[in-house]
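Using this note's numbering, the letters of the sequence shown correspond one by one to residues 394 to 732.
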Amino acid sequence: MNNNVYGIDLGTCNFKVFCKSTGKFFSEKNTIAIINKNQIYAYGDDAYAMYEKAPVNIRVTFPVVSGVIADYNFLSIMIFEYLEKKIKGKVKNADFLVAVPTDITDVEKRAFIELFYKNKFHPKTVMLCEKPLAAAVGLGIDVNEPIGEMIVDVGADTIEISVISMGGIVLSDILNLGSNRLDDSIISHIRKEFNLVIGKKTAGALKENLGSGLPGRQENLVVVGLDVVSGLPVEREISAEVVYNAIKGNLESICTSVKMILEKTPPELARDIINSGIYITGGGSKIKDLDKLFTQITNIKVNTCDNPEETVVRGLAKISSDSKYKRLPYTMKNISTSK
Numbered sequence: 394m395n396n397n398v399y400g401i402d403l404g405t406c407n408f409k410v411f412c413k414s415t416g417k418f419f420s421e422k423n424t425i426a427i428i429n430k431n432q433i434y435a436y437g438d439d440a441y442a443m444y445e446k447a448p449v450n451i452r453v454t455f456p457v458v459s460g461v462i463a464d465y466n467f468l469s470i471m472i473f474e475y476l477e478k479k480i481k482g483k484v485k486n487a488d489f490l491v492a493v494p495t496d497i498t499d500v501e502k503r504a505f506i507e508l509f510y511k512n513k514f515h516p517k518t519v520m521l522c523e524k525p526l527a528a529a530v531g532l533g534i535d536v537n538e539p540i541g542e543m544i545v546d547v548g549a550d551t552i553e554i555s556v557i558s559m560g561g562i563v564l565s566d567i568l569n570l571g572s573n574r575l576d577d578s579i580i581s582h583i584r585k586e587f588n589l590v591i592g593k594k595t596a597g598a599l600k601e602n603l604g605s606g607l608p609g610r611q612e613n614l615v616v617v618g619l620d621v622v623s624g625l626p627v628e629r630e631i632s633a634e635v636v637y638n639a640i641k642g643n644l645e646s647i648c649t650s651v652k653m654i655l656e657k658t659p660p661e662l663a664r665d666i667i668n669s670g671i672y673i674t675g676g677g678s679k680i681k682d683l684d685k686l687f688t689q690i691t692n693i694k695v696n697t698c699d700n701p702e703e704t705v706v707r708g709l710a711k712i713s714s715d716s717k718y719k720r721l722p723y724t725m726k727n728i729s730t731s732k
């Protein structure tokens, strides 16, 4: 690939960009605020600041849902405006390397390619790369080796569990049980236990500050919500134990799915996984002691990393620069390159 390359990870919560010409990484909330039904009022971090606070004439939306494109037109406008105005990159005739989930249809994959080709900037090429492979490369794994590795990518809407070897996906499963589901469980549990209605941002803060894969955390956090009986805003101190009880059922479901993939893994690859351990990544993997929970359930060591939400885009950066990974990106036939 030439030097005018962008690696893009379009996550549900955030989209991450690598610009090869500058060597820099960028991250922005994957959020759009729409006014008058068809005009973009704000996007990115500015739009997310309006979430749950906007007046009725402004709709705040997330254009990627469960790893696939839900709002094609607005997403296209946002991405290219972000690349051109905020990153100030050279977008025309650029090469794009886009990370996509494994278990999505060809139609959904084609939408990622058309998102870039059917735009006024006319990219030179648009290539796709499977997210588990990009995440593995970002974690420092040589995916070309005949060694089995398990990657658990905990995203906002989905969790992708994959076993990889020799640059390919041997087994994979996508769960519609990402960190947003944990937020919903916290909202439901607090309403049931305390007759208190809280917003999703507050639930997310509780998960990030008090959430844990194992019981025993002692911290507390004061939140503001609406009392169901009086309808008035009130303050309430929420303990880490309450948050744990809210999310433990979801965490157990994740562990069950990891065990099911392990049971399906060929013996020789399973041996490799025992030796190297399970790798957990994605923004949702930052829950305290999630790695210890996985180890407790599977009896296999679990590897964590710094900045797990960036592993995919950092993998794309390596793939775009290192010739030994040239077989990982691919394109799809019968894609029109005209606008």
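For glycine and all other residues, C-beta sits at the position ideal for the given N, C-alpha and C.
Legend entry - Supposed close pair Thr495, Ile562 - CB separation, criterion 8 angstroms: For the purposes of this step, residue 495 is taken as residue 102 along the sequence shown, with counting starting at 1. For the purposes of this step, residue 562 is taken as residue 169 along the sequence shown, with counting starting at 1. Yes, Thr495 and Ile562 are in contact; Cβ-Cβ is about 5 angstroms, under 8 angstroms.
Legend entry - Check whether Tyr672 and Ile534 have beta carbons under 9 angstroms apart: Reading the sequence shown from its first residue, position 279 is the one you call residue 672. Reading the sequence shown from its first residue, position 141 is the one you call residue 534. Yes; because the gap between Cβ atoms is below 9 angstroms, this pair is in contact.
Inset, instruction - Compute the Euclidean distance between the alpha carbons of Val410 and Val398, then round it to the nearest angstrom. - result: Translated into the one-based positions of the sequence shown, residue 410 becomes position 17. Translated into the one-based positions of the sequence shown, residue 398 becomes position 5. Approximately 10 angstroms, taken between the alpha carbons.
Inset, instruction - May I ask which residues mark the beginning and end of the beta strand (DSSP E) holding Arg720? - result: Residue mapping note: residue 720 aligns to position 327 of the sequence shown, counting from 1. That residue, Arg720, is in no beta strand (DSSP E); it is neither H nor E in DSSP.
Legend entry - Bridge partners - Thr518, DSSP secondary structure assignment: As a working mapping, residue 518 is identified with position 125 in the sequence shown. For Thr518, which the question treats as bridged, DSSP gives the partners Asp488.
Inset, instruction - Identify the continuous beta strand (DSSP E) that holds Asp620 and give its terminal residues. - result: Taking the first residue of the sequence shown as 1, we reach residue 620 at position 227. Segment 613-620, the beta strand (DSSP E) holding Asp620.
Legend entry - Burial state of Tyr465, where buried means 16 or more other Cβ atoms lie within 10 Å: Mapped onto the sequence shown, residue 465 falls at position 72. Tyr465 should be labelled exposed.
Inset, instruction - Flag this pair as touching only if the segment 620-640 and the segment 588-607 have three or more C-beta atom pairs under 8 angstroms; answer yes or no. - result: yes
Inset, instruction - Please work out which residues of its chain come closer than 7 angstroms, Cβ to Cβ, to Leu662, disregarding the five sequence neighbours upstream and downstream, and give them in chain order. - result: By one-based count along the sequence shown, residue 662 stands at place 269. Excluding the 5 residues flanking it on each side, Leu662 has same chain C-beta neighbours closer than 7 angstroms at Gly541, Val556, Ser558, Val563, in chain order.
Legend entry - C-beta contact flag for Ile425 and Leu468 at 9 angstroms: Within the sequence shown, numbered from 1, the residue matching residue 425 stands at position 32. Within the sequence shown, numbered from 1, the residue matching residue 468 stands at position 75. Contact flag set, yes.
Legend entry - Lys481 versus Gly404: straight-line alpha-carbon distance, rounded: Translated into positions along the sequence shown, residue 481 becomes position 88. Translated into positions along the sequence shown, residue 404 becomes position 11. One C-alpha to the other measures close to 21 angstroms.
Legend entry - Coil, strand or helix - Asn407 by DSSP: Counting from one through the sequence shown, the residue named residue 407 turns up at place 14. Three-state result, Asn407: strand.
Legend entry - Beta carbon of Glu652 nearer than 9 angstroms to that of Thr691: The residue labelled residue 652 in the question sits at position 259 within the sequence shown. The residue labelled residue 691 in the question sits at position 298 within the sequence shown. Inspection of the sequence shows that residue 652 is occupied by Lys rather than by Glu. Result yes, Cβ atoms of Lys652 and Thr691 sit closer than 9 angstroms.
Inset, instruction - Could you check which residue in Asp682, Asp439, Glu507, Thr498 has the C-alpha nearest to that of Tyr475? - result: Taking the first residue of the sequence shown as position 1, residue 475 is located at position 82. Minimum Cα distance to Tyr475 is reached at Asp439.
Inset, instruction - Go through its chain and collect everything with a Cβ distance to Val491's Cβ below 6 angstroms, but skip five positions before and after it. - result: Residue numbering aside, residue 491 sits at position 98 when the sequence shown is read from its first letter. So the qualifying residues of the chain are Ile401, Phe505, Leu521.
Inset, instruction - Determine the closest residue to Leu532 out of Val705, Gly604, Met725, with distance taken between C-alpha atoms. - result: The residue you call residue 532 lines up with position 139 of the sequence shown. If we check each option's Cα against that of Leu532, Val705 comes out closest.
Inset, instruction - Classify Lys719 as buried or exposed, calling it buried when 16 or more other Cβ atoms lie within 10 Å of its own Cβ. - result: One-based indexing of the sequence shown puts residue 719 at position 326. Lys719 is exposed by the Cβ-count criterion.
Inset, instruction - Just tell me which of Phe514, Lys711, Asp682, Ile472 has its CA closest to the CA of Thr697. - result: By 1-based counting over the sequence shown, the position of residue 697 is 304. When each option's Cα is compared against that of Thr697, the closest is Asp682.
Legend entry - Backbone CA spacing between Met443 and Ile497 [nearest angstrom]: One-based indexing of the sequence shown puts residue 443 at position 50. One-based indexing of the sequence shown puts residue 497 at position 104. Each residue's alpha carbon lies about 31 angstroms from the other.
Legend entry - Option in Lys524, Asn450, Gly592, Asn668 with minimal Cα separation from Asp546: For the purposes of this step, residue 546 is identified with residue 153 of the sequence shown, where counting begins at 1. It is Lys524.
Legend entry - Where Leu570 falls, given that 16 or more other Cβ within 10 Å makes a residue buried: The count along the sequence shown starts at 1 and reaches residue 570 at position 177. With 16 or more Cβ atoms within 10 Å of its Cβ, Leu570 is classed as buried.
Legend entry - Through-space distance from Gly670 to Ala529, alpha-carbon basis: Here residue 529 refers to the residue found at position 136 of the sequence shown. Here residue 670 refers to the residue found at position 277 of the sequence shown. If you take the alpha carbons of Ala529 and Gly670, they lie about 13 angstroms apart.
Inset, instruction - Measure the C-alpha to C-alpha separation of Ile433 and Arg452 and round it to an integer number of angstroms. - result: In the sequence shown, counting from the first residue as 1, residue 433 sits at position 40. In the sequence shown, counting from the first residue as 1, residue 452 sits at position 59. Computed Cα separation, rounded: 10 angstroms.
Legend entry - Under the three-state DSSP convention, the category Thr697 falls into: Reading the sequence shown from its first residue, position 304 is the one you call residue 697. Correct three-state label for Thr697: coil.
Legend entry - CA-to-CA distance, Gly460 to Cys406, given in whole angstroms: On the sequence shown, residue 406 is found 13 positions in, with the first residue counted as 1. On the sequence shown, residue 460 is found 67 positions in, with the first residue counted as 1. Taking C-alpha positions only, Cys406 is separated from Gly460 by approximately 10 angstroms.
Legend entry - Per DSSP, cross-strand counterpart(s) of Ser632: On the sequence shown, residue 632 is found 239 positions in, with the first residue counted as 1. According to DSSP, which records beta bridges pairwise, Ser632 is partnered with Asn613.
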